[in-house]
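So the structure is just underneath, and the comments pick up after that.
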Amino acid sequence: MKQLLTLLCFVFSISLFSQNYFPKNDGVKTESHSYHAFTNATIHISPTETLENATLLIKDGKVISSGKQVQIPENTTVINLEGKHIYPSFVDIYSSFGTKKPARAENSNSPQYDASREGYYWNDHIKPEQNAIEAYAFDAKAATELREAGFGTVNTHIPDGIIRGTGSLIALSPSGTDASRILSDRSAQYLSTSKSVTSRQAYPTSLMGAMALIRQVNYDADWYAKGLSETKDRSLEAFNNNKDLVQIIDAGSKMNDLRMDKVGDDVKTQYVIVGGGDEYELIQEIKATNAAFIIPINFPDAFDMEDPIMANTASLSDMREWNQKPSNPAVLYKNGVPFALTMHDLKKSSEFMPNLQKAIEYGLDETAALAALTTVPAKIIGKSSEIGTLKNGSYANFLITSGTIFDTKTTLYENWVLGNRHEIVPMNTKDIRGDYELQVAGTTYDLKISGEISKLKASVKTDSQTLGSKIAMTDDWMSLTFSSIDTTKQDFIRLSAKIANTSNLNGSAILPNGNETTFYAKKLESKDAEKSDDSEDKDEKDSKSDIKIFPVTYPNEAYGFTERPKQQTILFQNATVWTNEEAGILKNTDVLVKDGKIAKIGNNLSAGNALVIDATGKHITSGVIDEHSHIATAAVNEAGQNSTAEVTIEDVVDSDDINIYRNLAGGVTTIQILHGSANPIGGRSAIIKLKWGESAQNLIFPDSPKFIKFALGENVKQSNWGDYSRSRFPQTRMGVEQVYTDYFTRAKEYEALKKSGKPYRKDLEMETLVEILNKDRFISCHSYVQSEINMLMEVAERFNFNINTFTHILEGYKVADKMKEHGVGASTFSDWWAYKYEVNDAIPYNAAILHNQGIVTAINSDDAEMSRRLNQEAAKTVKYGGVSEEEAWKMVTLNPAKLLHIDNRVGSVKIGKDADMVLWSDHPMSIYAKAEKTLIEGKVYFDIDRDKQIRESIKQEKNELTTMMLQAKNKGLKTKPVVKKVDEHFHCDTI
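When you line the sequence shown up against mature numbering (1 follows the signal peptide of the UniProt record, and there is no 0), it's residues -18 to -1, 1 to 973, in that order.
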């Protein structure tokens, strides 16, 4: 007790004798330290704690007390808020408030490959040393807009770079100094997938490059923290200093959410993820991240569908987005995903509340909505005791409203921040909104006054027309001007009235001829007012149930599944089976699929509970495998350096690509997504199964062998990139060889250091090249010219490894004997030639010659269109070179499986292998053959009968959505022009 009294005396003495230590040059001022008491209000202490007819007591910017029995000190300013509500002000933890927009770097005639800074990280886009507080200046105009949207606190940062440095927590107080407004000058570290606009440094040029860079920074920071660097790096020092902060990363879409969370897992960091508003499409995968999210509510406008030709070009996915996206917050809440809401991505602050009200209309619980604006962001940022509630000791950041916060009829009167008042609408403002019967000079009009109480809108109509009108309220005076009925004249009727009550309006009117008279407007009872409270509740529920939200499919676009396919036991009877094994082609044979595997092959197999399919006259093959594809990816080239072995296509698999479905319709079940040919040493590959409707991670072939893309020729030496890019090494075919020699020499040195037990810096690029040296990773090399083909085999032999596959290999027929000796396989085109200079010597007999030399030869696509008719491409080798039908078929099934080292699981119809199979209507290499069913691991991912049915359902859904959009336009809602969605098809040289 004695210690407590001593402490109290000490605190009192500090407050009594504390003095300002800075001079004042603005005269004598009295600082206010008085209490404010807000009485008789409904106080929402937090989203889940509400006090009726209570008092809120504040002093010096803090909440002192709240409750029904609050003792009000003498000399307190008392404000009676009878009938009104008090809420905590909103918190936005993803903002750039008060920071100047970074200036874009000037254009140049050549790309920049090296960093422009000394003493910092080697990449300009890594800026953890940035501190928002150093670039911050209070923006009074922006602060006013934010306060009027309900916000009291923002977490601001500099939106520039992949790693952007620290943010600052700012109170939007209308008065006071920055010393009081800055609640934290190091509140979080921010990251993104976007490069800095202030630097032209080329790397990274892709999403996968950005992901690899974030990983490498983390590894470098760990190494630097151990004191192993010989040079000072201010960026890595800052990054290490920021590690204890909340890490907020701007992902921007459902797939990037999952990608960035995976990066976080790799570097043992749980990111707070800024989403894209489409998380509802992959909600189970989003939930499994265990991340907290920051969610924008920038819902799309409806398309203007009045032009039927343009309407027909609208994609179903875009139309669904308009219908489904407002439900995103509700879906997150119902699935237990913690999220805060943000104004990020909104064009105007005035859009925020209407969009939030729309989200509530689409099912978001109001308590959850309030939490997403108060307690959740406060918790994420670690400031629950200071902001987000009105508990004792928290900052006095609160809103005064006329009713419940999210009701469309509620008016936001005031927003107090740090105990400083910002008036938005005077509390004594009369609410004259409603429907009226207006009588002026013997004429009756329909008058509707709507909008926000501070921004009224008026509609004046007669039986035959709508008249132009304008309304304004100043204090208690209303002025209304509208055009006369005679549209041939530019005449107006002007009304003015002193508002005594809000039931009826009356005042003076100036007619077009200048005469003055009176007007009278009788307020009409709204339909809602005639109903009981119970019926009002019922109507509210009915209005929500009237909103039709189309169900999400997998993927959420045309041809998606309402439920993901499940494994089935299927018995195919009496088919012609192309085994690709010693048994050859079996006539009138049954195949039983069970538990995702090929269970039995024979005659008169028993069905049991299996689904029986009569395959008489039809053919069964293993699924087509494409060794060289660029579909189903969000990026294809990381072109920022001459070696990018650190990047991987697995990071950017795009499970929504419609080409997956199109390939299934062509009998394709497995593909290798290769990095492009922008550099001699490209990125790592992704081998995926085309499981349409699964998440990107579930597409990746389980335990697949590791591959990487190398490239030779015109692309890597940049001879076809234009003069702008002729600066990066190498610029000649000789230089390409030197790149390989240099990098493998470095890799050997790196491995030697790693094995020595001495400290070493983990290098993702070198780790990958060491895997090649140790024959743990295989090379698939883009190649054309025989001299370079020979060169790369010699380099590989010099470093004691083999090239796995030469892809394209259009001059392979010239060096087939050397390829055989080296042990390399070939994946080629059937009949492509002369599409660029280094292909002039290509011949359609290439595949046959390579095959006859004993080289494992496959036919690939390298093209989204060709990939779905590889069965016909294989047939060309029968014409060009006389390859047998069975061997030709193996070129798109078993042979690519061998090249990818997955032939123990796929590539042939063999008992025990994965049930990746196709039921063809005809001979599989016939131009008349159609894939009727395509199975992967016993699940039917393509069915031609379902395809026919779903085309009709797509048509019906688009018609219904079109009608809904037309109705939205008729209601006066904002629309936008239809823009035809054009999917980009990636090729080797796509940058």
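For each residue, glycine too, the CB sits at the ideal point set by N, CA and C.
{"Check": "Do you know offhand how far Ser441's Cα is from Ala479's?", "Outcome": "17 Å"}
{"Check": "Going by CA-CA distance only, name the one from Leu746, Ala36, Pro684 and Leu429 that's closest to Gly450.", "Outcome": "Leu429"}
{"Check": "Who are the Cβ neighbours of Gln555 in its own chain at under 8 Å, not counting the five residues just before and after it?", "Outcome": "Asp572, Leu587, Val594, Ile595, Asp596, Ala597 and Thr598"}
{"Check": "Let me make sure I understand the geometry here. Which of Thr615, Ile785, Asn91 and Leu151 has the alpha-carbon closest to that of Asn756?", "Outcome": "Ile785"}
{"Check": "Within its chain, find whatever has a CB closer than 7 Å to the CB of Ala674; leave out the 5 residues flanking it on each side and keep chain order.", "Outcome": "The question names Ala, yet the displayed sequence has Trp at residue 674. So the list reads Ile642, Tyr643, Leu646 and Tyr923, once near-sequence residues are dropped."}
{"Check": "Work out the CA separation of Ala351 and Glu518 for me, nearest whole Å.", "Outcome": "Low confidence applies here, because Glu518 scores a pLDDT of 43, under 50, leaving its location unreliable; read the following figure in that light. When rounded, the distance between both Cα atoms is 22 Å."}
{"Check": "Can you grab the Cα-Cα spacing for the pair Gln339 / Ser16, in whole Å?", "Outcome": "37 Å"}
{"Check": "For Ser166, I'd like the list of residues in its chain whose CB is within less than 6 Å of its CB, leaving aside the five on either flank, ordered along the chain.", "Outcome": "Leu151"}
{"Check": "How big is the Cα-Cα spacing for Ser866 and Val860?", "Outcome": "6 Å"}
{"Check": "Would you say Ser701 faces chain B, with C-beta separation under 8 Å as the test?", "Outcome": "Absent from the structure: chain B. Only one protein chain is present."}
{"Check": "What is the DSSP secondary structure of Leu39, counted as helix, strand or coil?", "Outcome": "strand"}
{"Check": "Which word fits Pro959, buried or exposed, when buried means at least 16 other C-beta atoms lie within 10 angstroms of its C-beta?", "Outcome": "exposed"}
{"Check": "Tell me, please, whether the region 798 to 813 touches the region 741 to 760 by the rule of three or more beta-carbon pairs shorter than 8 Å.", "Outcome": "no"}
{"Check": "By DSSP's criteria, residue 974 is part of a beta bridge. Which residues make up the other side?", "Outcome": "Any property of residue 974 remains undetermined from this structure, which presents the chain solely from -18 to 973."}
{"Check": "Of all the alpha helix (DSSP H) runs that stay within the bounds of the region 95 to 150, which reach a length of 4 or more residues?", "Outcome": "114 to 117 and 122 to 130"}
{"Check": "Compare the C-alpha of residue 986 against each of Leu346, Pro336 and Ala124 and name the closest.", "Outcome": "With the chain running from -18 to 973 in the structure shown, residue 986 is simply not present."}
{"Check": "Could you check which residue in Cys970, Gly258 and Thr456 has the C-alpha nearest to that of Ser762?", "Outcome": "Cys970"}
{"Check": "Taking the C-alpha atoms as reference points, what is the distance between Lys940 and Asn310?", "Outcome": "21 Å"}
{"Check": "Is Met325 helix, strand or coil by DSSP?", "Outcome": "coil"}
{"Check": "Flag this pair as yes or no: are the beta carbons of Trp104 and Ala97 separated by less than 8 Å?", "Outcome": "yes"}
{"Check": "From Thr714, Glu820, Ala491 and Lys699, pick the residue whose C-alpha is nearest to that of Ala660; which is it?", "Outcome": "Lys699"}
{"Check": "For Tyr262 versus Val534, is the C-beta distance shorter than 8 Å?", "Outcome": "yes"}
{"Check": "Looking only at its own chain, which residues have a Cβ that is under 7 Å from the Cβ of Ala798, when we skip the five neighbours before and after it?", "Outcome": "Ile831, Leu832, Gln835 and Ile837"}
{"Check": "Would DSSP call Glu522 helix, strand or coil?", "Outcome": "Since pLDDT at Glu522 reaches only 45, below the 50 mark, its modelled position is unreliable, and no value is offered."}
{"Check": "Taking its Cβ as the centre, do 16 or more other Cβ atoms sit within 10 Å of residue 1026, making it buried, or is it exposed?", "Outcome": "Residue coverage of the chain in this structure runs from -18 to 973, which leaves residue 1026 outside it and unanswerable."}
{"Check": "Do Thr944 and Met292 have their CB atoms nearer than 8 Å?", "Outcome": "no"}
{"Check": "Can you grab the Cα-Cα spacing for the pair Lys582 / Asp925, in whole Å?", "Outcome": "22 Å"}
{"Check": "When burial is assigned at 16 or more other CB atoms within 10 Å of the CB, is Leu955 buried or exposed?", "Outcome": "exposed"}
{"Check": "Give every residue of the same chain whose Cβ lies closer than 6 Å to the Cβ of Lys520, excluding the five residues on either side of it in the sequence, and list them in chain order.", "Outcome": "Caution is warranted here: a pLDDT of 45 is assigned to Lys520, below 50, making its placement in the model unreliable, and no coordinate value can be reported."}
{"Check": "According to DSSP, is Gln447 part of a helix, a strand, or is it coil?", "Outcome": "coil"}
{"Check": "Buried or exposed for Ser408, please, with buried defined as at least 16 other CB atoms from any protein chain shown within 10 angstroms of its CB.", "Outcome": "Note that residue 408 corresponds to Pro in the displayed sequence, not to Ser. With fewer than 16 Cβ atoms within 10 Å of its Cβ, Pro408 is classed as exposed."}
{"Check": "Among residues of its own chain, excluding the 5 on either side of Gln549, which ones have a beta-carbon nearer than 8 Å to its beta-carbon?", "Outcome": "Asp577, Gly578, Glu919, Gly920 and Lys921"}
{"Check": "When DSSP builds the beta bridges, which residues end up paired with Phe72?", "Outcome": "Phe133"}
{"Check": "Based on DSSP bridge pairs, tell me the residues matched to Met455.", "Outcome": "Met460"}
{"Check": "In its own chain, which residues sit with a C-beta less than 8 Å from the C-beta of Lys439, not counting the 5 before and 5 after it?", "Outcome": "Ile431, Ser432, Gly433 and Ile453"}
{"Check": "State the Cα-Cα distance for the pair His612 and Asn272, rounded to the nearest angstrom.", "Outcome": "31 Å"}
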